[in-house]
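So the structure is just underneath, and the comments pick up after that.
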Amino acid sequence: MKKKIKCSIVGASGYTGGELLRLLLFHPRVEISQITSETYTGKAVSFIHPNLRKITDLKFTSINDLKPSDVLFITLPHYRSQEKFSQLKKMAQVVIDLSQDFRLDPRFVYGLAELHRAEIKTANYIAGAGCNATAVILGLYPFYKNNLIIPEQTVVEAKISSSAAGRQLSLGSHHPERSGAVRSYKPTGHRHVAEICHQLGVKNIHFSATAIEMVRGILMTAHVFLKNPLTDKDIWNLYRETYKHEPFIRIIKQKTGVYRYPEPKLVRGTNYCDIGFEIDKETNRVVVMAAIDNLVKGAAGQVIQAFNLRFGFNETTGLEFPGLHPC
Amino acid sequence: MKNRQQVSCPECDASIILSSNLDQGEILTCSDCSVELEVREINPVKLEMAPAEEEDWGE
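Note that the protein sequences, when read in sequence, are chains A and B. So the first sequence is numbered by this note's numbering: it starts at 1 and just counts up by one. So the second sequence is numbered by this note's numbering: it starts at 1001 and just counts up by one.
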């Protein structure tokens, strides 16, 4: 029998932690050692993540009772990871953090396999990319990599779901306030801008986020301005060339059918990033759309893809779910 | 085995491998962009885009 990798999850009561658990419990090469939560210590996992009823008997333990494992996934809130890192890094050879705290830290490899596959294979510290950042970077990377657009003119709007805000309650997440709202959440100054700029190698990007009536998913719409005109075929070939070996990137641009461009609900629960585009020839503008599940490709699935690479497993192991239709 | 003929999709430039018993008027679907292509001529093969329905949700 092939050896399983012992994994623990710190801060597993959040939505990202729950999603990691959902996926890792069905990963054939993973054994979950411990999951921690200070608020829910001693409680059964299914109390917080009811979708896992009858799937696991795991109970939350305190971070103070954490034992060494092969891999430690950290899904603590932003800034808490940084506070705990010196203690936690002693508990496993490989640490995979999903907060924003280490995404610009040179000790960590950024967790997007599509950009950092080779580095991830030998990394002991991996930082999962932000959910919005994932959609923006994957959608725009081919244009920046090939220097095809005027970098300072890129404008991005992301429509985001409520689960992207995490499990922490606020007045804004209260049902009467949240339901039916289309809320300009961060018109400027979103915390993911720094990592997007860092990964795309630009000084700035004009990014706005709007929270909409959706539980899971992100639809990113970017407007980029070409230095020189390109045709549809050019852009198809650009994406094909960049992503031809990527198992989780799909280019969606159809002339017929109900779903002609990327649609978040079709990638719900999956590790896919669907990317589409349309050219406005009058203005030399390309509209790029990318849809992901913020909790999977934008968080848990992305780091499991990185984990698979790090341990030499097939990159898609545990991430084969194709999504639902209709849903 | 006879080599199967390959053409480019007129919409997205993807390679389309043609079956050896292609019929005139047959509709093919590009595996990349899903566009429907009509086989207008056989020798040489000429593909044209089949008519597509536009979306218009404007008010």
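Every residue, glycine too, gets a C-beta built ideally from N, C-alpha and C.
A residue is called buried once 16 or more other Cβ atoms fall within 10 Å of its Cβ, and A/Lys297 is buried on that count. By the Cβ criterion, the segment 287-301 of chain A is not in contact with the segment 1021-1034 of chain B, since fewer than three pairs of Cβ atoms, one from each stretch, lie closer than 8 Å.
The continuous alpha helix (DSSP H) containing A/Asp234 extends over residues 232-243. A/Tyr185 and A/Ile160 do touch by the CB rule: their CB atoms are close to 7 Å apart, below 8 Å.
With fewer than 16 neighbouring CB atoms inside 10 Å of its own CB, A/Ser170 falls in the exposed class.
Chain A has no Cβ within less than 7 Å of the Cβ of B/Ser1031. Flagged as an interface residue toward chain B: A/Thr256, by a C-beta distance shorter than 7 Å.
For B/Asp1013, the closest Cβ of chain A is nearer than 7 Å. Inter-residue distance for A/Ile32 and A/Lys6 is about 6 Å (C-alpha atoms, whole angstroms).
For A/Gln100, the secondary structure class from DSSP, reduced to helix, strand or coil, is coil. At least one CB of chain A lies nearer than 7 Å to the CB of B/Val1035. At a cut-off of 7 Å, the C-beta of A/Asn237 has a neighbouring C-beta in chain B. Interface residue (Cβ-Cβ distance to chain B less than 7 Å): A/Lys233 is classified as such. The segment 100-108 of chain A makes contact with the segment 195-211 of chain A; the number of CB pairs closer than 8 Å reaches 3 or more. The shortest C-alpha to C-alpha distance from A/Lys43 to any of A/Lys54, A/His27, A/Phe60 is the one to A/Phe60. Within the same chain, Ala211 come within 6 Å of A/Arg183 by CB-CB distance, once the 5 residues on both sides are set aside. Taking 7 Å as the cut-off, the Cβ atoms of A/Ala164 and A/Asn294 count as close. The C-beta distance from A/Phe143 to A/Val224 rounds to 6 Å, short enough to fall under 8 Å. By the neighbour-count criterion, in which a residue is buried when 16 or more other Cβ atoms sit within 10 angstroms of its Cβ, A/Ile252 is buried.
At a Cβ-Cβ threshold of 7 Å, A/Thr75 and A/Gly17 count as neighbours. Shown here, A/Tyr261 sits in coil according to DSSP, grouped into three states, outside any helix or strand. The C-alpha of A/Thr231 lies about 17 Å from the C-alpha of A/Thr242. Apart from sequence neighbours up to five positions away, the residues of its chain that approach A/Thr221 with a beta-carbon distance below 8 Å are Val156, Glu157, Ala158, Lys159, Val287, Val288, Met289, ordered along the chain. For A/Ile63, there is no enclosing beta strand (DSSP E), since its DSSP letter is neither H nor E.
Neighbourhood of A/Lys253 in chain B, by CB distance below 8 Å: Cys1012, Cys1033, in chain order.
A check of alpha carbon separations from A/Phe207 across A/Pro187, A/Leu219, A/Pro151 identifies A/Pro187 as the nearest.
Where A/Thr210 is concerned, the enclosing beta strand (DSSP E) starts and stops at 206-211. Residue state for A/Ile74 is assigned as strand, using DSSP reduced to three classes. Secondary structure at A/Gln34: strand, using DSSP grouped into helix, strand and coil. A/Arg260 and B/Cys1030 have their alpha carbons spaced roughly 14 Å apart.
A/Ile9 and A/His245 have their alpha carbons spaced roughly 30 Å apart.
Nearest neighbour of A/Tyr15 by Cα position, chosen from A/Arg29, A/Pro28, A/Ser37, A/Arg191, turns out to be A/Ser37.
When the beta-carbon positions are compared, A/Val258 and A/Ala291 stay at least 7 Å from each other. The Cβ-Cβ distance between A/Ala127 and A/Gly111 falls below 7 Å. A/Pro106 places its beta carbon 7 Å or farther from that of A/Met91.
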